[in-house]
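Visitor: Questions regarding the structure given below will be posed in turn.
In the working numbering, the protein residues as written are 2 to 510.
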């Protein structure tokens, strides 16, 4: 395998919105392929037509595009192994299902769903454990292993519904190696005869993914740990189809866990704790219910990718912030952990803050101007850039810039009553008018010049600093918060600064 071209695939089912766990699987496949100068393929596994959801496939491709995960081959870009939708490959799977029948590795089963349900109920009633269609029970069921050749032919000719099941070997140890979990061993006596081909003429995941991975020359299968119990079957299918020496290498990723650390992260956890579990906003086509997305919540795609990369992988150092290219350079399956990765919503905000801080002030200012336009506030790019530079340390998202800077655009209508009660004294109006006189003479009206003038006034008049500075901030901002006071004044300009002081004096007396 070391000499083979690395070809990885992400193969989701379009049964709903792509969960962030699915995006992580796609990301790890993408990083591994790029690290090894390989190919990243998107294959859509839509054989379960009853569960396919309108718009889900488009949602998957849009999500990957937003994340910066580039598709080399597959849906929707095409490639040498088309088609890449399994629903369009039915005849291919039928051919290999028949090959398994003819070689004795699979068989026809005619049992109805009602008959199998009755058996399950009987097992439960008689406390025999859970019923399993396997090497022991298949000898007494309605299938081509127990029926005569003539009866099987008759049933097939008459159009009687059937499925094709894999004939699991009896009491055989299947030994395999997972690149994340190491060497493993499973005895076939614990496994059932899985359905490979359904009565509707479509394959199950087990047959379709093995056939497609082989025909598409997939070198590495990186997928979620929920598929680990199926790996012995898949290995046996490779061998039964004569492809044992050409099997891909396997790596099964751990689960994303709830913030509490116990159990798989679900959309209910997001609803309960107020964070998204989907990359993009999703509207359920049946119910109209809307689910939040990371994009719409204000996360940068590079931050979202960084978050996912660090859930179950680490670079072997304390470093946590990476660009996509840096992740590609550092990524290896050897540093993927096999234990579950706990998702922390607050840490997710931290990642977005770090990526926000890395962006040029001009880029952030342009993004912030879109927010201001929605509020019908016109401002020059230069002023927006100066404001952003002043307050970006305080925010995690672009939309939070408004919360930290609204006072640059809107005069205070009210003043924090707690600050007023504590700091607005009888002589405050007189002091502020004197400060206003000082500021009116400041030229040029810049932060450093204004600060020097006001501090000189305080010292010369032996006035406590707190008696001037806090009321002055209250007059300009309406609260006791905000960045450097004199930088605020400079950005407001002399005329607006003086007008706000006068208005505060009039309102508060």
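By construction, the Cβ of each residue, glycine as well, lies at the ideal position given by its N, Cα and C atoms.
(1) If you draw a straight line from the alpha carbon of residue 103 to that of residue 327, how long is it in whole angstroms?
(2) Quick one: what's residue 351 bridged to in DSSP?
(3) For the beta strand (DSSP E) that residue 185 lies in, which residues bound it at each end?
(4) In chain order, what residues of the same chain have a beta carbon less than 6 Å from the beta carbon of residue 219, not counting five sequence neighbours either side?
(5) Per DSSP, what kind of secondary structure is residue 467 in: helix, strand or coil?
(6) Confirm, please, whether the CB-CB distance from residue 26 to residue 336 is below 8 Å.
(7) When you compare each of 15, 181, 127 and 52 to residue 341 by their alpha carbons, which one comes out closest?
(8) What separation, rounded to the nearest whole angstrom, lies between the Cα atoms of residue 387 and residue 436?
(9) Can you check DSSP and say which residues form a bridge with residue 154?
(10) Identify whether residue 482 lies in helix, strand or coil by the three-state DSSP scheme.
(11) Quick one: measure Cβ to Cβ for residue 481 and residue 420, integer angstroms, because I've assumed they're closer than 8 Å.
(12) With distances taken from CA atoms, which of 42, 16 and 136 is nearest residue 50?
(13) Residue 179 by DSSP, collapsed to three states: which one?
(14) Taking buried to mean at least 16 other C-beta atoms within 10 Å of its own C-beta, is residue 87 buried or exposed?
(15) Can you give me the Cβ contacts of residue 280 inside the same chain, cut-off strictly under 8 Å, excluding the 5 residues immediately before and after it?
(16) Is it buried or exposed for residue 2, if we count other Cβ within 10 angstroms and need 16 for buried?
(17) Going along the chain, which residues of its own chain have a beta-carbon closer than 7 Å to the beta-carbon of residue 172, five neighbours each way excluded?
(18) Taking only the alpha-carbon atoms, compute the straight-line gap between residue 45 and residue 76 and give it to the nearest angstrom.
(19) Quick one: residues in its chain with C-beta nearer than 7 Å to the C-beta of residue 369, no 5 flanking neighbours on either side, listed in chain order?
(20) Between which two residues does the alpha helix (DSSP H) harbouring residue 366 extend?
(21) If we count the other Cβ atoms within 10 Å of its Cβ and call it buried at 16 or more, is residue 320 buried or exposed?
(22) Given residue 179, which residues of its chain have a CB within under 8 Å of its CB, disregarding the five upstream and five downstream residues?
(23) Could you say if the segment 307-324 and the segment 348-366 meet the contact criterion of at least three C-beta pairs nearer than 8 Å?
(24) For a quick check, are the C-beta atoms of residue 308 and residue 255 less than 8 Å apart?
(25) Is the Cβ of residue 262 closer than 8 Å to any Cβ of chain B?
(26) Please classify residue 78 as buried or exposed, where buried requires at least 16 other C-beta atoms within 10 Å of its C-beta.
(27) Could you tell me whether the Cβ atoms of residue 316 and residue 331 are closer together than 8 Å?
(28) For a minimum of 3 consecutive residues, which ranges assigned as the beta strand (DSSP E) are wholly contained in the segment 47-114?
(29) As a quick exercise: from 222, 392, 458 and 471, pick the residue whose alpha carbon is nearest that of residue 417.
(30) If you draw a straight line from the C-alpha of residue 208 to the C-alpha of residue 109, how long is it?
Guide: Let me spell this out:
(1) In a straight line, the C-alpha of residue 103 is about 50 Å away from that of residue 327.
(2) The secondary-structure analysis by DSSP pairs residue 351 with nothing; it has no beta-bridge partner.
(3) Run containing residue 185: 183-188, per the beta strand (DSSP E) assignment.
(4) Here the set comprises 8, 10 and 249.
(5) Three-state result, residue 467: helix.
(6) Not closer than 8 Å, so no.
(7) For the residues 15, 181, 127 and 52, the minimum Cα distance to residue 341 belongs to 181.
(8) So the alpha carbons of these two residues sit roughly 25 Å apart.
(9) For residue 154, DSSP assigns no beta-bridge partner whatsoever.
(10) Coil at residue 482, not helix or strand.
(11) That belief holds up - the Cβ atoms of residue 481 and residue 420 are roughly 5 Å apart, short of 8 Å.
(12) It is 16.
(13) Assignment of residue 179 by DSSP, reduced to helix, strand and coil, places it in the strand class.
(14) Counting of Cβ neighbours within 10 angstroms places residue 87 among the buried residues, the total reaching 16 or more.
(15) Excluding residues within five positions, the ones whose Cβ falls inside 8 Å are 19, 21, 24, 64, 67, 68, 294, 295, 296 and 305.
(16) Note that residue 2 scores a pLDDT of 43, beneath 50, so its modelled location is shaky and nothing firm can be said.
(17) So the list reads 188, 189 and 190, once near-sequence residues are dropped.
(18) Residue 45 and residue 76: Cα-Cα distance of roughly 7 Å.
(19) 385, 389, 399 and 402, listed in sequence order.
(20) Element bounds for residue 366: 362-375.
(21) Flag for residue 320 reads exposed.
(22) Setting aside the 5 residues that flank it on each side, residue 179 is surrounded in the same chain by 185, 229, 232, 251, 252 and 253, each with a C-beta closer than 8 Å to its C-beta; the list follows chain order.
(23) Flag = yes, the segment 307-324 and the segment 348-366 touch.
(24) In this structure, residue 308 lies away from residue 255, with their beta-carbon atoms at least 8 Å apart.
(25) The structure shown contains no chain B; it holds only a single protein chain.
(26) Label assigned to residue 78: exposed.
(27) Cβ atoms of residue 316 and residue 331: closer than 8 Å.
(28) Segments of the beta strand (DSSP E) lying fully in the segment 47-114: 107-110.
(29) Check the Cα spacing between residue 417 and each of 222, 392, 458 and 471: the tightest is with 471.
(30) Note on geometry: alpha-carbon atoms of residue 208 and residue 109 lie some 15 Å from one another.
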